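Novice:
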Amino acid sequence: MADKLLPFGKEKIVEIIKKYPTPFHIYDENAIRQNARNFLKVFGILQGFRQFFAVKATPNPYILKILKQEGLGVDCSSLAELEMAERMGFKDEEIMFSSNDTPAEEFLKARKLGAIINLDDISHIEYLEKHAGIPDLVCLRYNPGPARKGNGIIGKPEEAKYGLTREQMVEAYRILKKKGAKRFGMHTMVISNELHESYFIETARMMFELAVEVHKKAGIKIEFVNLGGGIGIPYRPEDKPVSYERIAEGVRESYNKIIVGNNLHPLGIFTECGRVITGPYGYLATRVRHVKHIYKDYVGTDASMANLMRPGMYGAYHHITVLGKENAPKNHLYDVTGSLCENNDKFAINRKLPEIAPGDLLVIHDTGAHGFAMGFNYNGKLRSAELLLRHDGSVVKIRRAETISDYFATLDFNGAKKFK
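Each residue of the sequence shown is one higher than the last, beginning at 17 in the numbering used here.
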């Protein structure tokens with residue numbers, strides 16, 4: 017089995033640790049840029065193609081600036097993400113705003129920025145009109161229900177809280193048209209971390225057919241279809257990366273057959289991928305504190321679920337490299353853990369690794385999306401720093417590590433002392 021490679025060796029991490037102690041997430045700028053360029057090049061064969069990076073995957077202004085320079089837009093789902101996008105120079109239709117259970121202030125902010133607003137429910141039309149007004153361009157999120165299968169991360173579409181039913185989609189476009197909307201988009205997101213190209217081609221076919229139905233029943237010409245994200249990455253060494261080329265060719269074939277065949281050309285095709293853009297190019301570096309031998313052997317690290325919760329939350333696999341022991345036999349069975357007071361605080365269970373000793377440095381792969389972003393402060397754990405590995409080998413701190421002062425900043429100790 018081929019092992020997963022790193023853009024640095026032990027010597028580089030040891031050098032970095034002199035200035036930035038573990039744990040920390042580090043991102044490979046050059047790899048992110050090259051991947052973004054390739055993504056846009058391959059999918060550029062599609063009509064009016066645009067990619068909106070899902071900010072929730074890696075919400076850091078340095079990452080957003082890199083992706084803006086490479087020609088990507090952003091997909092935002094909260095007020096904070098909209099604010100971050102604005103500060104990094106994104107504006108107007110460079111921003112997709114896709115939220116759910118949305119407060120009025122977020123709709124107002126999206127309207128102010130000129131973002132494409134993607135409504136999650138038919139009732140949100142009246143709510144948007146009341147609090148922010150109906151913009152010229154409005155998008156609707158489609159939930160296909162039992163017509164499609166989901167996976168373990170998003171779940172079954174019919175049990176997901178997102179989107180409108182097929183019948184509601186047609187009615188909602190009619191309502192929007194009556195209320196003065198002039199341009200219309202369509203969106204879906206029913207899968208996450210999927211490695212089979214056929215799924216995305218089928219999603220495109222489904223959306224193109226829905227665009228034809230909406231045109232016939234509501235007299236609406238759909239301007240674009242956003243196919244969502246969900247393209248997976250090869251977390252395991254034996255996984256094969258998704259072929260962008262196969263997806264793009266399959267989507268183009270469906271477009272020509274359904275959209276062109278029904279005289280609805282041109283219709284833009286958008287995506288909002290996050291994980292596949294940055295995920296493989298981020299790494300969590302952590303040092304071993306203890307090795308414990310009881311009923312099993314445990315490797316205790318200075319990172320925890322607070323730094324990477326995917327394994328504990330989803331049972332997700334993340335590959336682990338023991339720096340300096342890349343070529344050593346993997347003949348020891350370990351659970352690799354953090355110090356959180358929860359037994360699911362584990363990065364790996366029953367993982368075969370080289371023999372590990374306190375002080376060893378571990379690198380956990382593929383944390384460039386939904387890694388730091390899902391962090392939390394349970395048990396008083398402090399979130400780590402984020403670093404950027406530049407093309408010339410230099411390292412830039414792009415987020416400092418939290419301190420005890422940060423953790424206590426919202427608490428009122430003086431008031432508590434006086435409280436009776």
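Don't be surprised by glycine CBs; every beta carbon is placed ideally from N, CA and C. Model, not experiment: these values are computed from the prediction.
#1: Identify, in the order they occur along the chain, each residue of the same chain with its Cβ nearer than 6 Å to the Cβ of M205, setting aside the five sequence neighbours on each side.
#2: Shortest alpha-carbon distance to A70 belongs to which of L349, S208, L62?
#3: Rank F123, A220, L369, Y260 by C-alpha distance to the C-alpha of A148 and give the top, closest one.
#4: With DSSP collapsed to three states, give me the class of A188.
#5: Using 10 angstroms around the beta-carbon of Q67, count the other beta-carbons present and answer buried if the total reaches 16, otherwise exposed.
#6: For F200 versus L129, is the C-beta spacing smaller than 9 Å?
#7: Give me the Cβ distance between A443 and T38, rounded to the nearest whole Å; I'm assuming they're in contact under 8 Å.
#8: When the Cα atoms are used, what is the spatial distance from T353 to L324?
#9: Which value, in whole angstroms, describes the spacing of the CA atoms of L226 and R182?
#10: Do you know offhand how far H407's Cα is from K20's?
#11: Looking at the structure shown, is E418 part of a helix, part of a strand, or coil, going by DSSP?
#12: Below 8 Å on the Cβ atoms is my guess for I263 versus F216; work out the distance and round it to an integer in Å.
#13: Report the rounded CA-to-CA distance for G396 versus E31, giving the unit in angstroms.
#14: Which of the three DSSP states is assigned to K433 in this structure?
#15: Got a sec? Which residues, its chain only, sit under 6 Å from T219 by beta carbon, not counting five neighbours each side?
#16: Per the DSSP calculation, M329 is bridged to which residue(s)?
#17: Considering only the beta carbon of each residue, do L115 and S93 sit closer than 9 Å?
#18: With a 10 Å radius around its C-beta and 16 neighbouring C-beta atoms as the bar for buried, classify H381 as buried or exposed.
#19: Does DSSP put K413 in a helix, a strand or coil?
#20: Does E261 pass the burial test, meaning 16 or more other C-beta atoms within 10 Å, or should it be called exposed?
#21: Reducing DSSP to helix, strand and coil, say where G64 ends up.
#22: When the distance is taken between beta carbons, is M390 closer than 9 Å to R305?
#23: According to the neighbour-count rule (16 or more other Cβ atoms, all chains shown, within 10 Å of its Cβ), is L80 buried or exposed?
#24: Looking at C-alpha atoms only, which residue of S421, R252, V411 is the closest neighbour of Y34?
#25: Taking the DSSP output, what are the residues bridged to D44?
#26: Should I82 and E265 be called a contact, given that it needs their Cβ atoms to be closer than 9 Å?
#27: Might you give, ordered along the chain, the residues of its own chain that have their beta carbon closer than 8 Å to the beta carbon of A188, omitting 5 neighbours on each side?
#28: I'd like the list of long-range same chain contacts for V438, defined as Cβ closer than 6 Å, with 5 residues on each side in sequence excluded.
#29: If we count the other Cβ atoms within 10 Å of its Cβ and call it buried at 16 or more, is I310 buried or exposed?
#30: Are A385 and G290 closer than 9 Å when you measure CB to CB?
Specialist: So, from the data block:
#1: In chain order, G244 place their CB closer than 6 Å to the CB of M205, counting only its own chain and leaving out the 5 sequence neighbours on each side.
#2: When each option's Cα is compared against that of A70, the closest is S208.
#3: The shortest Cα separation from A148 among F123, A220, L369, Y260 belongs to F123.
#4: A188: helix per DSSP, three-state reduction.
#5: When all chains shown are included, Q67 counts as buried.
#6: It is not a contact, given that the beta carbons lie outside the stated cut-off.
#7: Residue numbering for the chain in the displayed model covers 17 to 436; residue 443 lies beyond these limits and cannot be assessed.
#8: Each residue's alpha carbon lies about 11 Å from the other.
#9: Each residue's Cα considered, the two are about 8 Å apart.
#10: Each residue's alpha carbon lies about 20 Å from the other.
#11: It is coil, neither helix nor strand.
#12: Going by Cβ atoms, the distance from I263 to F216 rounds to 5 Å, so yes, they are a contact pair.
#13: When rounded, the distance between both Cα atoms is 28 Å.
#14: Three-state result, K433: helix.
#15: Excluding sequence neighbours, T219 sits near L243.
#16: Looking at the DSSP output, M329 bridges to nothing.
#17: A small fix is needed here, since residue 115 is Ser in this sequence, not Leu. Yes; because the gap between Cβ atoms is below 9 Å, this pair is in contact.
#18: H381 is buried by the Cβ-count criterion.
#19: Taken through DSSP and simplified to helix, strand or coil, K413 comes out as strand.
#20: The Cβ neighbour count for E261, taken over all protein chains shown within 10 Å, is under 16; the residue is labelled exposed.
#21: Three-state result, G64: coil.
#22: Annotated as distal: R305 and M390, with beta-carbon spacing of 9 Å or more.
#23: When all chains shown are included, L80 counts as buried.
#24: A quick correction: the sequence has Lys, not Tyr, at residue 34. Of S421, R252, V411, the residue nearest in Cα terms is V411.
#25: Partner residues in the beta bridge of D44, as assigned by DSSP, are L405.
#26: No.
#27: Spatial neighbours of A188 in its own chain (CB-CB distance under 8 Å, excluding positions within 5 residues in sequence) are listed in chain order as L135, I138, I141, L156, L180.
#28: Here the chain has residues from 17 to 436 only, and residue 438 is not among them.
#29: With fewer than 16 Cβ atoms within 10 Å of its Cβ, I310 is classed as exposed.
#30: Against a cut-off of 9 Å, the Cβ pair of G290 and A385 comes out as a contact.
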